[in-house]
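Heads up: the sequence shown is residues 97 to 424, going by my numbering.
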Amino acid sequence: MDYSRMSANEIAIKVNRRVLTLSNPNKVLYPGGRVVKAQVLDYYLRAGPFLLPHFKNRPVTLLRYPDGVFGESFYEKNAPGFTPNWVKTFKVPRSEGGTIDYILINNLPTLAWLANLAALELHPFLHKVPNIDRPTHVVFDLDPGEGVDILGAAEIAFLIRDLLEGLRLKSFAKVSGSKGIQLYVPLNRAVTYDMTSAFARAVANLLSRKHPDRVVSEMAKVFRKGKVFIDWSQNSQTKTTIGSYSLRAKRERPFVSMPVTWSELKSAIRRSSPASLAFEPEAALKRLNKLGDLFEPVLQLKQQLPAELTQAVHSMQDTKRLNRYVAQ
Numbered sequence: 097m098d099y100s101r102m103s104a105n106e107i108a109i110k111v112n113r114r115v116l117t118l119s120n121p122n123k124v125l126y127p128g129g130r131v132v133k134a135q136v137l138d139y140y141l142r143a144g145p146f147l148l149p150h151f152k153n154r155p156v157t158l159l160r161y162p163d164g165v166f167g168e169s170f171y172e173k174n175a176p177g178f179t180p181n182w183v184k185t186f187k188v189p190r191s192e193g194g195t196i197d198y199i200l201i202n203n204l205p206t207l208a209w210l211a212n213l214a215a216l217e218l219h220p221f222l223h224k225v226p227n228i229d230r231p232t233h234v235v236f237d238l239d240p241g242e243g244v245d246i247l248g249a250a251e252i253a254f255l256i257r258d259l260l261e262g263l264r265l266k267s268f269a270k271v272s273g274s275k276g277i278q279l280y281v282p283l284n285r286a287v288t289y290d291m292t293s294a295f296a297r298a299v300a301n302l303l304s305r306k307h308p309d310r311v312v313s314e315m316a317k318v319f320r321k322g323k324v325f326i327d328w329s330q331n332s333q334t335k336t337t338i339g340s341y342s343l344r345a346k347r348e349r350p351f352v353s354m355p356v357t358w359s360e361l362k363s364a365i366r367r368s369s370p371a372s373l374a375f376e377p378e379a380a381l382k383r384l385n386k387l388g389d390l391f392e393p394v395l396q397l398k399q400q401l402p403a404e405l406t407q408a409v410h411s412m413q414d415t416k417r418l419n420r421y422v423a424q
């Protein structure tokens, strides 16, 4: 990182020929290990080449922590009024009228600028602009309830993977950087949210019926104790999911939302090692430099939901009947 000090509280940094100001570089954002803003920026600059392809042309919701992870935080959808004119944005209509001017993280200077705003968590949509009604993949967000850890989520991930393989669909897993796991099913075809949402809900309902002691697909938190919630509702035009290689702000130390292999999940379960599925920034960067982007296929792989399911969604919009079809 090329930089020069401007004052006691400001540093000028050069990112791809663009000079930006990093304010309060020594402000502690994560008290565990006293991780400061300059270190957060350094992580995002080094992870940027792997992160940016997963964010390009996707509207993003920011989760900002100007006073650190234990300070006041807020979600930000609209680009703030002081957004530089070189930061790309895209206006998305609101259901109640008006628009939201979402930021697009399409280059390294934009990513660095957001790090300076203490936008620790980056949550992209499942679609790209301008096709905001067309998701590029299905996502299953596995959220362990009380009494279940990330290994329990990993076990359910294998149930979903096996079901999808029966439908000739490949899936890819990443740890959320918190306590859960997300499965991505790349499609990269002309599909609608109606189709992907109904499909995800059918899979979740099917597994909750087959494994009622381990899986829940109902939204109410009261049903989740001792089980893993398969959150199918993420497949919505209005929902975002934590992005690949984004930091999380859930704990006193930073952890990364990191793609993992199925063999790594299996090994973690076998060894009863949830810690092996937690990646702090330096470990994440070393891993990226060694293994590359394990989620690259999510960007490129074209898959198709079973034709019969697609026709069922178009003709019926009936989740129960769709569930029965998947169960066959």
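Positions of the beta carbon are idealized from the N, C-alpha and C atoms, including for glycine.
When you compare only the Cα positions, how much space is there between E376 and P350?
Counting from 1 along the sequence shown, the entry for residue 376 is found at position 280. Counting from 1 along the sequence shown, the entry for residue 350 is found at position 254. The straight-line gap from Cα to Cα measures roughly 6 Å.
Pick helix, strand or coil for M354, following the three-state DSSP scheme.
Reading the sequence shown from its first residue, position 258 is the one you call residue 354. Collapsing the DSSP output to three states places M354 in a strand.
In whole angstroms, what separates the C-alpha of Q424 from that of F325?
As a working mapping, residue 424 is identified with position 328 in the sequence shown. As a working mapping, residue 325 is identified with position 229 in the sequence shown. Residue confidence for Q424 is low, a pLDDT of 46 falling below 50, so the modelled location carries little weight and cannot support an answer.
Enclosing alpha helix (DSSP H) for A211 [first to last residue]
Taking the sequence shown and counting its residues from 1, the one referred to as residue 211 is at position 115. Here the alpha helix (DSSP H) through A211 covers L204 to N212.
Straight-line gap, L159 to R347 (C-alpha atoms, nearest Å):
Counting from one through the sequence shown, the residue named residue 159 turns up at place 63. Counting from one through the sequence shown, the residue named residue 347 turns up at place 251. Approximately 14 Å, taken between the alpha carbons.
8 Å contact criterion, which V115 and V124 should meet: CB distance rounded
Position 19 of the sequence shown, counted from the first residue, corresponds to residue 115. Position 28 of the sequence shown, counted from the first residue, corresponds to residue 124. Cβ atoms of V115 and V124 stay farther apart than 8 Å, at about 25 Å.
Using 8 Å as the threshold, is the stretch 149-164 in touch with the stretch 201-208, meaning 3 or more CB pairs across them?
Segments in contact, yes.
Please state if the CB of S342 and the CB of H219 are separated by a distance shorter than 9 Å.
Locating residue 219 in the sequence shown gives position 123, where the first residue counts as 1. Locating residue 342 in the sequence shown gives position 246, where the first residue counts as 1. Closer than 9 Å, so yes.
Spatial neighbours of L111 in its chain, beta-carbon cut-off 6 Å, leaving aside the 5 residues before and after:
On the sequence shown, position 15 is the one that residue 111 refers to. Looking at the sequence shown, residue 111 is not Leu but Val. Result list for V111: L204, P205 and A208, in chain order.
Start and end of the alpha helix (DSSP H) containing A215?
Position 119 of the sequence shown, counting from 1, holds the residue named residue 215. Judged by DSSP secondary structure, A215 falls outside any alpha helix (DSSP H) and instead within the beta strand (DSSP E) spanning A215 to P220.
Between the C-alpha atoms of F61 and E106, what's the straight-line distance to the nearest angstrom?
Residue coverage of the chain in this structure runs from 97 to 424, which leaves residue 61 outside it and unanswerable.
Does the count of Cβ pairs from the stretch 279-289 and the stretch 221-241 closer than 8 Å reach three?
In short, these stretches touch, since the Cβ pair count reaches three.
D138, enclosing alpha helix (DSSP H) - first and last residue
If you number the sequence shown from 1, residue 138 lands on position 42. For D138, the enclosing alpha helix (DSSP H) has its first and last residue at K133 to F151.
At which residues does the beta strand (DSSP E) containing T292 begin and terminate?
Taking the first residue of the sequence shown as 1, we reach residue 292 at position 196. Per DSSP, T292 lies in no beta strand (DSSP E) segment; the continuous alpha helix (DSSP H) that holds it begins and ends at Y289 to K306.
Roughly how many whole angstroms lie between the Cα atoms of D414 and L390?
For the purposes of this step, residue 414 is taken as residue 318 along the sequence shown, with counting starting at 1. For the purposes of this step, residue 390 is taken as residue 294 along the sequence shown, with counting starting at 1. Any answer about D414 is weak, because its pLDDT of 44 lies below 50 and its placement is not dependable; what the coordinates show is given next. D414 and L390 have their C-alpha atoms roughly 35 Å apart.
V250 lies in the alpha helix (DSSP H); which residues open and close that run?
What you label residue 250 is simply residue 154 of the sequence shown in a count that begins at 1. It should be pointed out that residue 250 corresponds to Ala in this sequence rather than to Val. Note, A250: alpha helix (DSSP H), I246 to G262.
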